[in-house]
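This report refers to the structure that appears directly beneath it.
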Amino acid sequence: MDNAILKVEHLKKSFGDNHVLKDISFDLNEGEVLSIIGPSGSGKSTLLRCITQLETLDAGKVCVNGKDMVVGTDKKGLAKYAPASVLREIRLSTGLVFQNFNLFPHLTVLQNLCLAPVRVLGDDRKDARAMGRFLLKRMGLEGKEKAYPCELSGGQQQRVSIARALAMNPKILFFDEPTSALDPELTGEVLKIIKGLAEDRMTMVIVTHEMAFARDVANKVVFMDKGVIVEQGTPDFVFNQSDNERLNAFLSRFAKG
Amino acid sequence: MQDLSSLLPILWGGFCTTLAIFGLTLLFSIPLGLIIAVLKMSRFRVIRYPVSFYISVMRGTPLLLQIVAIYFGSYYLSEYSGLGISFDRFPAVIAAFSINYAAYFAEIFRGGIQAIPKGQYEAATMLGLTKKQTFFRIILPQVVKQVVPASANEVITLVKDTSLAQVIAVTELFALAKKQQAAYASIYPLFVAGIFYYVANLLLSCFFAYLEKKLNYYR
């Protein structure tokens, strides 16, 4: 597909002798949502961290918004990254929502949202604040501008961190198990926000253990196990039609709860 | 026994020298400590190892010796090399105290910097903040809160350590008190000097308690 906003081809990543990602390929169109599911340790988070440049990949290609992250191989046979300016462009077109929120605890909610737009994008402080307030309203967090992260519930903190990522106006938003650190009763409010973003045609890649959510929100689902993509396709295909044994064993474990 | 009204002005003069040593040492050792802390976390061994050695010498030998070494050492060095870089007494004291306390502060700051979760760096990176912005806007403000209790200890110790300056005849508070003790054959001036130190540290303790409370606006 040529209009893919995210293209990953033959991505490989090892930590020493541990081959975490063996040969990962997939792509995603603009405005679509991809869910990545799979057992713990299957490499889902590492994949996300390679695409968002928090980890370096060993081999393969990643193309974000038409820009190639890798431009060849070096003498050791490892991936040779594009020039820093290109990598920065790619970085600014991607946002990441962490499992543990990683809000800046010493800054208020609004300061968390405005810091990067002002300091990195050079936005006017007033505009950034207005945008911050708008995003908080969208997250159902009106009136929390001056609160510190520690004064908020986990669900509220995660919504702030989604707003913080959105404030940078990314082309693709990545979620690394966004509800895994939350109590079950707080999970719903975060998932609702992400669903809202999907309805607004935000391009998203979501690593999650919430199967029902993964099925409902996504246009495309990837099932990973032991560093490879075992199955991928539409939610209906992956959840209902595939006869892949590993996938079905995994899904039945979830069905039992 | 000596009259308090004649003793106090004398001791006050010494106390001003003590305060000068105290203030100047903090002024130099805190920024220097921060730089050393960052260097000690360097990726490069050629930087890390000498810095570790420097810290171990500063913490492993008496400050008294370091004062003597800087004062006389610089004197002999300039005498024999003709470079003319010998220290006067007071600057020698400031130099010795600064590099000594910088070593202690460096270890406190390093602990504080390393206590900041990796996720803070990652969040800053994802938002496109540069390394410099990340350090000064995200990491350092949180380090300040982390290091206040341990730094308070050092600062309070410093007040008392200033009395070591007398080893090269800098007439700070304790040196003057000892002179009065000898002149009047009474230990009373020493106790009065002790009250000076105590009151100074009481005020500092109050300041640090206030600072900790002030920084408690977040967890």
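In the order they appear, the protein sequences are chains A and B. At position 121 of the first sequence the residue is numbered 129 (the numbering used here), and the sequence of numbers has no breaks. At position 86 of the second sequence the residue is numbered 66 (the numbering used here), and the sequence of numbers has no breaks. Ideal Cβ placement from N, Cα and C applies to all residues, glycine included.
M9 (chain A), buried or exposed, once every other Cβ within 10 Å from all chains shown has been counted against 16: Residue confidence is low: M9 (chain A) scores 48 on pLDDT, short of 50, so the model does not pin down where it sits. Its coordinate-derived value is still stated next. Exposed is the call here.
Strictly by DSSP, which residues pair up with L29 (chain A)? According to DSSP, which records beta bridges pairwise, L29 (chain A) is partnered with A:K21.
Rounded to a whole number of angstroms, what is the C-alpha to C-alpha distance between G92 (chain B) and S260 (chain A)? 46 Å
F142 (chain A) versus chain B: which residues are under 7 Å apart at the beta carbon? Proximity of chain B to F142 (chain A) at the Cβ level (cut-off 7 Å) is not reached, the minimal Cβ distance being about 18 Å.
Consult DSSP for E192 (chain B) and reduce its assignment to one of helix, strand or coil. helix
Would the segment 131 to 150 of chain B count as touching the segment 166 to 180 of chain A if we require 3 or more Cβ pairs under 8 Å? Look at the beta carbons and you see the segment 131 to 150 of chain B not touching the segment 166 to 180 of chain A: under three pairs across the two are nearer than 8 Å.
Beta-bridge pairing of D35 (chain A) - partner residues as DSSP gives them: A:K15
Between the alpha carbons of L111 (chain A) and Y34 (chain B), how many angstroms are there, rounded? L111 (chain A) and Y34 (chain B) have their alpha carbons spaced roughly 37 Å apart.
Three-way DSSP call (helix, strand, coil) for A87 (chain A) in this model: DSSP places A87 (chain A) in strand when its eight states are reduced to three.
Residue span of the beta strand (DSSP E) that contains V105 (chain A), given as start and end: Per DSSP, the continuous beta strand (DSSP E) segment holding V105 (chain A) begins and ends at T102 to V105.
Determine, using beta carbons only, whether R199 (chain B) comes closer than 8 Å to chain D. Of the protein chains in this structure, namely A and B, none is chain D.
For a contact meaning CB atoms closer than 9 Å, what does M147 (chain A) contact in chain B? Chain B residues near M147 (chain A): none, gap ~17 Å exceeds 9 Å.
7 Å CB neighbourhood of R99 (chain A) in its chain, flanking five on each side removed: Q61
Suppose the cutoff is 6 Å on Cβ atoms and the five residues either side in sequence are ignored; what does the same chain contact list for A124 (chain A) look like? M176
I'd like to know whether the C-beta of M176 (chain A) is nearer than 8 Å to at least one C-beta of chain B. yes
Under the three-state DSSP convention, the category K145 (chain A) falls into: helix
Assign S250 (chain A) to buried or exposed, taking buried as 16 or more other Cβ atoms, counted over all protein chains shown, within 10 Å of its Cβ. buried
Span separating the alpha-carbon of R28 (chain B) from that of S78 (chain B): 20 Å
Beta-carbon proximity check, K239 (chain A) vs N252 (chain A), cutoff 8 Å: What sits at residue 239 (chain A) in the sequence shown is Glu, not Lys. Yes; because the gap between Cβ atoms is below 8 Å, this pair is in contact.
Which residues of chain B have a Cβ atom closer than 8 Å to the Cβ of L100 (chain A), listed in chain order? G108
So G13 (chain B) and F85 (chain B) are supposed to be a Cβ contact under 8 Å. How far apart are they, rounded? 3 Å
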